[in-house]
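Notes follow once the structure below has been shown.
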Amino acid sequence: MEKKTALYDRHVELGGKMVPFAGYLMPVQFKKGIKEEHIIVREHAGMFDCSHMGLARVDGPDALANLNYLLTNRFDNMKDGDCSYALMLYEDGGCVDDLLVYRRNQNSYYLILNASNTAKDIDWICRHLKGDVEFLMCESYSLLAVQGPAVLKIMSEMATGTLPTKYYTFTDNVDIAGVKCLVSRTGYTGSFGYEIFIPNDEGAVIVWNALLDKGVEPCGLGSRDTLRTEAGLPLYGHETSEEIDPVTAGLGFFVKMDKDDFIGKAGLIKRGTPTKKRVGVKVTGRGIIRELQDVYDGDKKVGVVSSGTFMAWINASAGMAFVDPEFAEIGKQLEVDVRGRRVPIEIVKLPFYNVSREDPAL
Numbered sequence: 000m001e002k003k004t005a006l007y008d009r010h011v012e013l014g015g016k017m018v019p020f021a022g023y024l025m026p027v028q029f030k031k032g033i034k035e036e037h038i039i040v041r042e043h044a045g046m047f048d049c050s051h052m053g054l055a056r057v058d059g060p061d062a063l064a065n066l067n068y069l070l071t072n073r074f075d076n077m078k079d080g081d082c083s084y085a086l087m088l089y090e091d092g093g094c095v096d097d098l099l100v101y102r103r104n105q106n107s108y109y110l111i112l113n114a115s116n117t118a119k120d121i122d123w124i125c126r127h128l129k130g131d132v133e134f135l136m137c138e139s140y141s142l143l144a145v146q147g148p149a150v151l152k153i154m155s156e157m158a159t160g161t162l163p164t165k166y167y168t169f170t171d172n173v174d175i176a177g178v179k180c181l182v183s184r185t186g187y188t189g190s191f192g193y194e195i196f197i198p199n200d201e202g203a204v205i206v207w208n209a210l211l212d213k214g215v216e217p218c219g220l221g222s223r224d225t226l227r228t229e230a231g232l233p234l235y236g237h238e239t240s241e242e243i244d245p246v247t248a249g250l251g252f253f254v255k256m257d258k259d260d261f262i263g264k265a266g267l268i269k270r271g272t273p274t275k276k277r278v279g280v281k282v283t284g285r286g287i288i289r290e291l292q293d294v295y296d297g298d299k300k301v302g303v304v305s306s307g308t309f310m311a312w313i314n315a316s317a318g319m320a321f322v323d324p325e326f327a328e329i330g331k332q333l334e335v336d337v338r339g340r341r342v343p344i345e346i347v348k349l350p351f352y353n354v355s356r357e358d359p360a361l
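Numbering follows our numbering, with no gaps: position 116 of the sequence shown is 115.
Structure representation (structure tokens):
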């Protein structure tokens, strides 16, 4: 039986279309629909209930050493209040998951886990921890993502305490509508925004209602996916997976091959040069592309779509694909097989939408 987040009743009251997702009943969209929610996040401010995601803590004198061994990125230079993106690999170099690491202090870190992978991640981490370290799941919390160009002004008016100003940083004990929260300058939409961690169920409803009163619109999983695709952001099971390693996915920057050994390092070396490259693709004719549809150059199959949708902001169908490297040049004209019909596409630069990581003007 699916779980419900602390905001379930509010979602239903606001007309949310509830669907099973990662063991929870979550809103895929609200009354205005996916397209309108997408535009709201690009033009004003929208918020997403992300409480289905996993929040864990790694504590102890050996916490840092374990993270450096478990994950691909390097964490030695992180400061208190920094966030970092990383991948967790199997021995052969395939991806267990991608996740965020938040440094609380030199002996304590938060891990933000993908909802659909939380149980698998917990098992993998706990089987590989060594030394003086403790792994804890933080069950009693809610997570709201507030995204869009108006968010800075709205949050600045609501918050008492210091909001994080730099991208990929966080601050704790920020008071929002009388609720103490952890707030990070992160998001999964490509727009400016914050993610708010609220440590109790009652507090989540208070913060949600206060944001609604400030004109922030509720958004669902559907627009979250179209927004992240437009921003060129990877999703596990699409752009990363047990088969798709981070180098093939174009995430090599987050893989520090020059650090001491980490799980999957030898596997990546053995895999060698990738045989596919992740690219942006945009439809130049009629049709909407979707994941798992084949990409062709004439009669030759040269790749497959990993994510595809209609993108409201650019008013076109577009997405990401993995293609043979010789067909990855910007401007290259190819075709996608959409239910037996060839739809023309062009290889384009990612992302389709990109906002400055600096704070917008108040």
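The beta-carbon is built from N, C-alpha and C at its ideal position, and this holds for glycine as well.
Worksheet item: Within this structure, are the beta carbons of Ser-139 and Arg-56 separated by less than 8 Å?
Response: Against the sequence shown, residue 139 aligns to sequence position 140. Against the sequence shown, residue 56 aligns to sequence position 57. The answer is no: Cβ separation not under 8 Å.
Worksheet item: Excluding sequence positions up to five away, which residues of its chain have a Cβ less than 8 Å from the Cβ of Val-337?
Response: Taking the first residue of the sequence shown as 1, we reach residue 337 at position 338. So the list reads Gly-286, Ile-287, Ile-288, Arg-289, Gln-292, once near-sequence residues are dropped.
Practice prompt. Classify Leu-13 as helix, strand or coil using the three-state DSSP reduction.
Written response: Indexing the sequence shown from 1 puts residue 13 at position 14. The answer is coil: DSSP assigns Leu-13 none of H, G, I, E or B.
Fill in: 8 Å Cβ cutoff met for Gly-251 and Asn-353
If you number the sequence shown from 1, residue 251 lands on position 252. If you number the sequence shown from 1, residue 353 lands on position 354. Cβ atoms of Gly-251 and Asn-353: not closer than 8 Å.
Practice prompt. Please state whether DSSP places Leu-291 in a helix, a strand or coil.
Written response: Here residue 291 refers to the residue found at position 292 of the sequence shown. Here Leu-291 carries a coil assignment [DSSP, helix/strand/coil].
Discussion item. Given a cut-off of 8 Å on the beta-carbon distance, is the pair Val-278 and Val-206 in contact?
Written reply: Residue 278 sits at position 279 when you count from the first residue of the sequence shown. Residue 206 sits at position 207 when you count from the first residue of the sequence shown. In this structure, Val-278 lies away from Val-206, with their beta-carbon atoms at least 8 Å apart.
Fill in: Straight-line gap, Phe-47 to Leu-220 (C-alpha atoms, nearest Å)
Sequence index remark: in the sequence shown, residue 47 carries index 48 (1-based). Sequence index remark: in the sequence shown, residue 220 carries index 221 (1-based). Rounded to the nearest angstrom, the two C-alpha atoms are 8 Å apart.
Fill in: Validate contact between the stretch 191–200 and the stretch 140–158 using beta carbons, cut 8 Å, 3 pairs
yes
Discussion item. Could you check whether Lys-269 and Asn-67 sit closer than 8 Å to each other, using their CB atoms as the reference points?
Written reply: Mapped onto the sequence shown, residue 67 falls at position 68. Mapped onto the sequence shown, residue 269 falls at position 270. In this structure, Lys-269 does not lie closer than 8 Å to Asn-67 by Cβ.
Discussion item. Please tell me whether Asp-96 and Asn-113 are closer than 8 Å, where the distance is taken between their beta carbons.
Written reply: Position 97 of the sequence shown holds residue 96. Position 114 of the sequence shown holds residue 113. Taking 8 Å as the Cβ cut-off, Asp-96 and Asn-113 qualify as a contacting pair.
Worksheet item: For the stretch 230–247 against the stretch 301–309, are there 3 or more C-beta pairs whose distance is under 8 Å?
Response: yes
Practice prompt. With distances taken Cα to Cα, identify the nearest neighbour of Glu-1 among Gly-14, Tyr-89, Pro-26, Pro-163.
Written response: Position 2 of the sequence shown, counting from 1, holds the residue named residue 1. Checked all of Gly-14, Tyr-89, Pro-26, Pro-163; the closest Cα to Glu-1 is Pro-26.
Item to complete: Let me know if Leu-361 comes out buried or exposed under the rule of 16 or more other beta-carbons within 10 Å of its beta-carbon.
Response: To locate residue 361, count along the sequence shown from 1; it is residue 362. Note that Leu-361 scores a pLDDT of 47, beneath 50, so its modelled location is shaky; the value from the coordinates is reported in the next line. So Leu-361 counts as exposed.
Worksheet item: Can you give the beta carbon distance from Leu-69 to Met-52, rounded, assuming they're within the 8 Å contact cut?
Response: Here residue 69 corresponds to residue number 70 of the sequence shown, with the count starting at 1. Here residue 52 corresponds to residue number 53 of the sequence shown, with the count starting at 1. At roughly 18 Å, the Cβ-Cβ gap does not stay under 8 Å, so Leu-69 and Met-52 are not in contact.
Worksheet item: Measuring from the CB of Arg-184, is there a heavy atom of the ligand ZN at a distance below 7 Å?
Response: Absence of the ligand ZN from the depicted structure is noted, as is the absence of any ligand whatsoever, leaving it without description.
Practice prompt. Throw me the rounded Cβ distance for the Leu-54 and Cys-125 pair, which I believe falls under 8 Å.
Written response: Here residue 54 corresponds to residue number 55 of the sequence shown, with the count starting at 1. Here residue 125 corresponds to residue number 126 of the sequence shown, with the count starting at 1. Leu-54 to Cys-125, Cβ: 16 Å. No contact.
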